[in-house]
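As structure tokens, the structure follows; a few thoughts come after it.
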Amino acid sequence: MRKRQAKKRPLLPDPKFNDQLVTRFVNMMMWDGKKSVAFKIFYDAIDVVEQKKQDEEKTGLEIWKDALSNVMPHVEVRSRRVGGATFQIPMQIRPDRKVSTAMKWLISFARKRNEKAMAQKLAAEILAAAKEEGAAVKRRVDTHKMAEANKAFSHFRF
Numbered sequence: 001m002r003k004r005q006a007k008k009r010p011l012l013p014d015p016k017f018n019d020q021l022v023t024r025f026v027n028m029m030m031w032d033g034k035k036s037v038a039f040k041i042f043y044d045a046i047d048v049v050e051q052k053k054q055d056e057e058k059t060g061l062e063i064w065k066d067a068l069s070n071v072m073p074h075v076e077v078r079s080r081r082v083g084g085a086t087f088q089i090p091m092q093i094r095p096d097r098k099v100s101t102a103m104k105w106l107i108s109f110a111r112k113r114n115e116k117a118m119a120q121k122l123a124a125e126i127l128a129a130a131k132e133e134g135a136a137v138k139r140r141v142d143t144h145k146m147a148e149a150n151k152a153f154s155h156f157r158f
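Start counting the sequence shown at 1; every next residue gets the next number (full-length UniProt numbering).
Dropping the structure here:
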């Protein structure tokens with residue numbers, strides 16, 4: 001192989017919760033390299049989650065992690081050409097891709113919500129996902145349904 005696998009860069013844990021996953025999420029949410037703005041949005045959203053939560057024994061961060069795991073897909077379909085026809089083939093997802101996909105969905109569906117500030121949008125989406133509802137969870141369910149529907153083509157796996 002000519003091309004080497006890119007090295008995984010170590011992420012610094014975030015200042016407030018000392019968690020690398022938070023930094024990864026904030027990096028995905030960030031626009032135009034404005035990391036401090038992204039951190040402020042995330043922390044504000046977690047504060048809103050703290051105030052609005054129904055579950056008393058969980059912290060805002062734990063609720064966010066629950067939401068993230070509820071959005072994580074376990075299988076996805078990938079296109080593969082077999083003899084002139086394109087098949088959607090269900091495949092397992094690598095663990096790091098699961099997390100990335102979940103984060104991407106949470107952020108994109110939070111952006112599409114119609115609250116005023118991004119922190120409110122994100123908090124609302126996190127709370128919805130923690131309760132197994134909301135657009136991001138719906139996307140996961142749809143992805144799983146599509147994989148289930150195309151189970152017949154799973155023997156074409158590469």
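Note that beta-carbon positions come from the ideal geometry of N, C-alpha and C, so glycine has one too.
Relative to Arg94, the option among Lys121, Lys7, Met72 whose CA is nearest is Met72.
DSSP links Glu56 through a beta bridge to no other residue. Ranked by Cα distance from Asp47, the options Lys35, Ile63, Val37 are led by Ile63.
Ile107 and Leu122 have their C-alpha atoms roughly 7 Å apart.
Per DSSP, the continuous beta strand (DSSP E) segment holding Ile89 begins and ends at 85-92.
The way I'd put it, the segment 6-16 doesn't touch the segment 75-95; fewer than three beta-carbon pairs between them come closer than 8 Å.
The Cβ-Cβ distance between Val22 and Asp14 falls below 9 Å.
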